[in-house]
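Order-wise, the sequence lines are chains Y and U. The numbers in our numbering rise by one with no breaks, and the one at position 45 of the first sequence is 45. The numbers in our numbering rise by one with no breaks, and the one at position 37 of the second sequence is 1037. Virtual Cβ for every residue (Gly too), placed ideally from N, Cα, C. Take a look at the structure below.
2 protein chains.
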Amino acid sequence: MESERTPMRLVHLLRGLTVELDLFGAEFAARNGLHPTDLRALIHLLDAARAGTVVTPGRLGEALGLNSAGTTGLVDRLERLGLIRRERDPGDRRKVRLLVEERAIELGEGFFGGLIADLVAAMGAFGEAELAVAQRFLESMTEVVATARAE
Amino acid sequence: MESERTPMRLVHLLRGLTVELDLFGAEFAARNGLHPTDLRALIHLLDAARAGTVVTPGRLGEALGLNSAGTTGLVDRLERLGLIRRERDPGDRRKVRLLVEERAIELGEGFFGGLIADLVAAMGAFGEAELAVAQRFLESMTEVVATARAE
DNA sequence: AGCATGTATCTCGCTGAGCGAGAGAATACG
DNA sequence: CGTATTCTCTCGCTCAGCGAGATACATGCT
């Protein structure tokens, strides 16, 4: 494994990192009575809230790869947990807006907070130029995966 | 978002990349009649096979965070799909060895093959030194997550 | 206007992944 | 030996997510 050529080593690292992050998320979710899907939904909702975007059940379901029935169930679940609230869109009354509650933000902090601080701290060992390289690298890899996903 | 400080931008990139890889895997799995768990199991089994490690249901379940009942179901499923085979360990007859079939290897190639080639190709745009930086960076981040996971 | 078509969400019934509890079979250890 | 331990599997259950379709609102066409 140590004698592996660099590109393959990087591929395995990317996969390994994904696995670690997934497991971290799954464990956090389980500890808070959530399912992995709930956590992914929460992340999506918090991102949208910070960006000022309106999220509807349809958009959320699409982002998570769920059909409408599953999405309704997911939203019901999050609402029952007091993490989000439904609100009819006054402009188009077919739509429902999903609003995140304070509790959801706190939960998000609990999840990310510690880990982000640790990650940022570890980045301190890298120079400005090195972080820039890492950024370009990650952007490039993300784009490749996103493109592959779109077939 | 463009004005974001580099460390946070990197954190978001890591998360985004994880999400993309997850979705890619989930879509591949669905297209092949597998569940995300099955794919994760397959990856684990193929890694072990390449490393020459023996995998038992117990080890597999532990790696995926399943209990024994769930693991039995998973192994049944993979066996029914003709991806693995059970074989009693002759040394310790309580144990069962999980052997990957040819089909599983082909499936793995189908999943990784294209994506890996694309990723490696994109790495071609980076110099030797830059890839080394990316590697150190990913190793550092992986270690942080693994440490955080171990509490 | 009026009617067809499209869009957003929800309801119903069902399948099956994964859990808890515990049984059964083989091994280790006093 | 017999008792504890380890590994896997069985049983019964819960609930996330699917397919099909209902409902309600919106929009385009003539």
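Is it right to say residue i is buried, meaning 16 or more other beta carbons lie within 10 angstroms of its own, or is it exposed?
i          : result
Asp1089(U) : exposed
Val19(Y)   : buried
Arg80(Y)   : exposed
Thr1071(U) : buried
Asp76(Y)   : exposed
Arg40(Y)   : buried
Ala69(Y)   : exposed
Ala104(Y)  : buried
Gly110(Y)  : exposed
Gly61(Y)   : buried
Gly25(Y)   : buried
What residue from the options has the CA that sits closest to residue i's CA?
i          : options                                        : result
Gly114(Y)  : Gly1052(U), Glu1151(U), Leu1014(U)             : Glu1151(U)
Glu1128(U) : Val133(Y), Ile84(Y), Asn67(Y)                  : Val133(Y)
Arg1049(U) : Arg1097(U), Arg1136(U), Thr1147(U)             : Checking the sequence, you will find Ala at residue 1049(U) rather than Arg. Closest by alpha carbon: Arg1097(U).
Arg85(Y)   : Gly91(Y), Glu139(Y), Gln135(Y), Leu45(Y)       : Leu45(Y)
Lys1095(U) : Phe1126(U), Leu1064(U), Pro1057(U)             : Pro1057(U)
Met141(Y)  : Val1120(U), Asn1067(U), Leu1034(U)             : Val1120(U)
Ala1117(U) : Ala125(Y), Val145(Y), Glu102(Y)                : Val145(Y)
Leu1099(U) : Ile1043(U), Val1055(U), Ala1029(U), Pro1007(U) : Val1055(U)
Glu1101(U) : Leu1042(U), Thr1147(U), Leu1013(U), Phe1024(U) : Leu1042(U)
Met1008(U) : Thr6(Y), Phe112(Y), His35(Y)                   : Phe112(Y)
His12(Y)   : Arg1031(U), Phe1126(U), Asp1047(U)             : Asp1047(U)
Thr1006(U) : Leu66(Y), Phe126(Y), Glu87(Y)                  : Phe126(Y)
Leu66(Y)   : Thr1147(U), Thr1053(U), Leu1066(U), Ala1030(U) : Ala1030(U)
Measuring from the CB of residue i, is there a heavy atom of the ligand ZN at a distance below 7 angstroms?
i        : result
Arg77(Y) : Looking at this structure, you won't find the ligand ZN or any other ligand, since it has none at all.
Less than 8 angstroms between the beta carbons of residue i and residue j, yes or no?
i          : j          : result
Asp38(Y)   : Leu74(Y)   : yes
Asn1107(U) : Leu1083(U) : For the record, residue 1107(U) in the displayed sequence is Leu; it is not Asn. Taking 8 angstroms as the Cβ cut-off, Leu1107(U) and Leu1083(U) qualify as a contacting pair.
Leu17(Y)   : Leu1138(U) : yes
Leu131(Y)  : Met1123(U) : no
Glu1027(U) : Arg59(Y)   : no
Relative to chain Y, which residues along the region 1094-1120 of chain U have a C-beta separation below 9 angstroms, given in chain order?
Phe1112, Gly1114, Leu1115, Ile1116, Asp1118, Leu1119, Val1120
Which whole runs of the beta strand (DSSP E) in the region 97-144 of chain Y are 3 residues long or more, in chain order?
none
Going along the region 60-76 of chain Y in order, which residues come within less than 8 angstroms of chain U, judged by CB to CB distance?
Gly65
Every unbroken beta strand (DSSP E) within the region 1031-1060 of chain U, with a cutoff of 3 residues, ordered by chain:
none
To be precise: take each residue of the region 13-26 of chain Y, compare its Cβ to all Cβ atoms of chain U, and keep it if any distance is under 9 angstroms. Which residues remain?
Leu13, Leu14, Arg15, Gly16, Leu17, Thr18, Val19, Glu20, Leu21, Asp22, Leu23, Phe24, Gly25, Ala26
Using a Cβ-Cβ cut-off of less than 9 angstroms, list which residues of the region 130-150 of chain Y approach chain U; keep chain order.
Within the region 130-150 of chain Y, the residues whose Cβ lies closer than 9 angstroms to some Cβ of chain U are Glu130, Leu131, Ala132, Val133, Ala134, Gln135, Arg136, Phe137, Leu138, Glu139, Ser140, Met141, Thr142, Glu143, Val144, Val145, Ala146, Thr147, Ala148, Arg149, listed in chain order.
Can you give me, in chain order, the residues of the region 1038-1049 of chain U that have a beta carbon less than 7 angstroms from any beta carbon in chain Y?
none
My parser needs the beta strand (DSSP E) runs of 3 or more residues fully inside the region 1074-1099 of chain U; what are they?
If we require 3 residues or more, the beta strand (DSSP E) runs fully inside the region 1074-1099 of chain U come out as 1084-1088.
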